[in-house]
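In this note's numbering, the protein residues as written are 33 to 640. Glycine is no exception: its CB is placed at the ideal position from the N, C-alpha and C atoms.
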């Protein structure tokens with residue numbers, strides 16, 4: 033039996049080993065969908081309210097934000113200094129403590145081993161980022177059973193651990209100089225001390241997106257501060273597991289209300305929602321913000337982009353990842369459509385156990401590994417030449433935790449007219465014996481008329497007369513490294529080059545199965561969103577595309593579809609990591625280190 037995480041209507045198998053994972057994802061998806069349906073609101077301007085507009089903030093480095101907010105630079109120095117202290121805790125200072133009992137409670141807590149249990153990395157012993165958030169008299173209802181102390185002498189000390197997004201809470205009897213007990217909280221909603229409260233507001237107000245939404249110019253901010261109504265709204269960062277808070281602003285002159293999310297772990301704005309007219313009864317979370325923004329801007333919506341001599345469209349499918357279509361080079365059509373319809377994952381040490389991962393839209397789709405940011409364009413200049421890459425990220429909800437995944441569609445377009453269609457895997461999966469098999473569907477556009485497909489046989493090009501498949505591990509390659517050639521009747525087209533390890537650490541070879549089927553107008557074989565195809569856990573050519581070439585039909589006078597299924601193997605050996613990720617400490621907070629694996633064919637124009 034094999035377990036498929038995607039909820040596509042076909043080929044859904046559940047092994048006893050994976051039943052709990054199935055319930056986890058089903059429950060999460062159900063709760064998320066219901067929450068977002070409730071959260072999505074559209075107001076009528078005639079009734080005095082307006083639509084809510086979702087905005088994702090552009091990436092902003094801590095260093096850039098420090099230049100805008102001097103108080104943040106001062107705070108960063110305090111954090112850096114705390115990491116060299118013993119214990120490594122940023123405590124409340126004298127100005128933040130209002131009475132002697134608070135000072136005493138903090139001193140006693142910071143001498144307690146149980147309270148300090150999580151301030152160092154449990155494996156490496158390196159100091160982590162920790163901060164006292166509040167010290168106050170404990171309420172009777174908060175005291176654990178069996179804990180008693182004289183009235184007014186019991187204090188509650190709240191310590192937040194940035195690395196683990198958790199808290200240690202000490203209950204201290206200042207009259208007897210004792211820590212009575214320590215409680216832990218996981219995935220905690222931390223209480224903010226005043227310095228973080230104030231920093232969150234400053235980070236938001238010094239972010240261009242907030243000022244634009246409020247219709248305030250940066251140079252006018254100081255003048256209009258007193259006219260802003262400012263409050264703090266409850267929020268959380270479910271995906272990043274960071275300390276987040278929600279500064280909300282209303283500016284009467286523009287009649288704009290803004291709810292923002294500020295990440296106090298990475299010191300940046302996540303995004304915001306704005307609307308006309310004041311309102312204070314709206315709650316926003318990182319998950320809702322990113323999903324709503326993505327659905328309204330990219331899901332099943334054609335977007336145009338261009339770079340250099342290239343023009344193309346892209347859209348995010350419900351379960352087929354990012355489809356790139358109508359690609360032109362120097363205004364000549366090159367690709368009609370290309371996408372990755374599935375990621376098959378199997379485990380060498382667990383027979384017939386694995387996943388079929390659908391990637392796609394975050395809401396109302398069959399995807400288990402979802403997109404939450406739009407595609408990005410990268411400038412590239414490397415061994416293959418110069419050009420641009422279009423990249424779309426997909427992640428499991430709690431990646432990089434075990435049995436969670438991060439995939440990317442990556443398409444590289446070069447200045448010389450060549451291009452590479454790629455799948456990237458960041459791991460880490462369920463163990464270190466995983467085999468990843470992305471299912472590429474590639475529909476080139478070589479002009480009017482039929483298309484011809486040929487394979488190098490060791491001496492010359494041999495044309496395929498019927499639908500069939502082949503294995504790269506048994507293939508032969510031309511002196512230039514070409515495996516296939518695809519042309520029109522005039523001889524224009526592309527050589528197809530598989531990865532054979534020529535890209536260094538970026539790829540260890542495709543080891544691909546390749547299939548060619550004829551395009552059928554009257555049958556949908558991947559033109560639209562496909563259900564899960566094939567079996568996730570087979571190691572032979574039966575990965576799904578073989579169904580489109582059975583029984584084999586003749587390829588004469590036909591338009592052709594190339595299916596390409598690489599095999600990539602993860603590796604966690606120190607110094608040789610591949611398709612792997614792990615969590616590490618970076619300046620005392622959690623960071624993710626990845627060793628991505630890349631696969632996919634290069635298409636080189638045939639020069640006549």
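Would you mind giving the Cβ-Cβ distance between residue i and residue j, rounded to the nearest angstrom? I have them listed as a contact below 8 Å.
i, j, result
"residue 628", "residue 457", "7 Å"
"residue 520", "residue 576", "Residue 520 to residue 576, Cβ: 28 Å. No contact."
"residue 211", "residue 160", "That pair is no contact at about 21 Å."
"residue 632", "residue 354", "Going by Cβ atoms, the distance from residue 632 to residue 354 rounds to 13 Å, so no, they are not a contact pair."
"residue 236", "residue 292", "5 Å"
"residue 625", "residue 613", "7 Å"
"residue 290", "residue 256", "Rounded, the Cβ-Cβ distance is 13 Å, inconsistent with contact."
"residue 610", "residue 503", "No, residue 610 and residue 503 are not in contact; Cβ-Cβ is about 21 Å, not under 8 Å."
"residue 86", "residue 324", "5 Å"
Can you give the Cα-Cα distance for residue i and residue j, rounded to whole angstroms?
i, j, result
"residue 492", "residue 515", "11 Å"
"residue 122", "residue 378", "45 Å"
"residue 352", "residue 567", "16 Å"
"residue 405", "residue 322", "7 Å"
"residue 318", "residue 155", "30 Å"
"residue 541", "residue 531", "5 Å"
"residue 327", "residue 361", "29 Å"
"residue 533", "residue 539", "6 Å"
"residue 602", "residue 465", "6 Å"
"residue 307", "residue 262", "15 Å"
"residue 346", "residue 546", "24 Å"
"residue 180", "residue 312", "39 Å"
"residue 585", "residue 428", "39 Å"
"residue 197", "residue 218", "7 Å"
"residue 70", "residue 315", "Legend: pLDDT at residue 70 = 30, less than 50; position of this residue unreliable, value from coordinates given subsequently. Using only the alpha carbons, I get a separation of about 11 Å."
"residue 244", "residue 283", "12 Å"
"residue 592", "residue 88", "40 Å"
"residue 226", "residue 356", "48 Å"
"residue 550", "residue 97", "54 Å"
"residue 271", "residue 91", "16 Å"
Return the residue from the list the options that minimises the CA-CA distance to residue i.
i, options, result
"residue 188", "215, 145, 387", "215"
"residue 450", "394, 413, 527", "527"
"residue 417", "523, 387, 452", "452"
"residue 399", "374, 140, 239", "374"
"residue 153", "636, 461, 634, 615", "615"
"residue 433", "273, 281, 170, 475", "273"
"residue 522", "331, 169, 638, 227", "638"
"residue 560", "537, 392, 512", "392"
"residue 460", "524, 600, 224, 410", "600"
"residue 221", "243, 295, 176, 236", "295"
"residue 118", "585, 149, 267", "149"
"residue 415", "536, 178, 85", "536"
"residue 594", "387, 630, 485", "485"
"residue 338", "422, 372, 369", "422"
"residue 424", "549, 397, 256, 443", "443"
"residue 623", "320, 431, 370", "431"
"residue 564", "555, 483, 490, 389", "389"
"residue 548", "508, 510, 258, 597", "597"
"residue 477", "490, 494, 518", "518"
"residue 332", "298, 397, 303, 268", "397"
"residue 278", "590, 305, 341", "305"
Answer with buried or exposed for residue i, where buried requires no fewer than 16 other C-beta atoms within 10 angstroms of its C-beta.
i, result
"residue 350", "buried"
"residue 364", "exposed"
"residue 120", "buried"
"residue 329", "exposed"
"residue 579", "exposed"
"residue 171", "exposed"
"residue 359", "buried"
"residue 110", "exposed"
"residue 505", "exposed"
"residue 641", "With the chain covering only 33 through 640, there is no way to say anything about residue 641."
"residue 143", "exposed"
"residue 280", "buried"
"residue 607", "exposed"
"residue 413", "exposed"
"residue 553", "exposed"
"residue 132", "exposed"
"residue 95", "exposed"
"residue 370", "buried"
Q) Is the region 163-181 touching the region 190-200 in the sense that three or more CB pairs, one from each, lie closer than 8 Å? A) Because the criterion of three Cβ pairs below 8 Å is met, the region 190-200 and the region 163-181 touch.
(Q) With three or more beta-carbon pairs closer than 8 Å as the criterion, would you say the region 204-212 touches the region 250-257? (A) Counting C-beta pairs closer than 8 Å gives fewer than three between the region 204-212 and the region 250-257, which falls short of the contact rule.
Q) Counting pairs of beta carbons, one from the region 465-472 and one from the region 497-505, are three or more of them closer than 8 Å? A) No, they do not touch.
Q.
Would the region 99-114 count as touching the region 225-234 if we require 3 or more Cβ pairs under 8 Å?
A. Yes, since at least three Cβ pairs between the region 99-114 and the region 225-234 fall closer than 8 Å, the two stretches touch.
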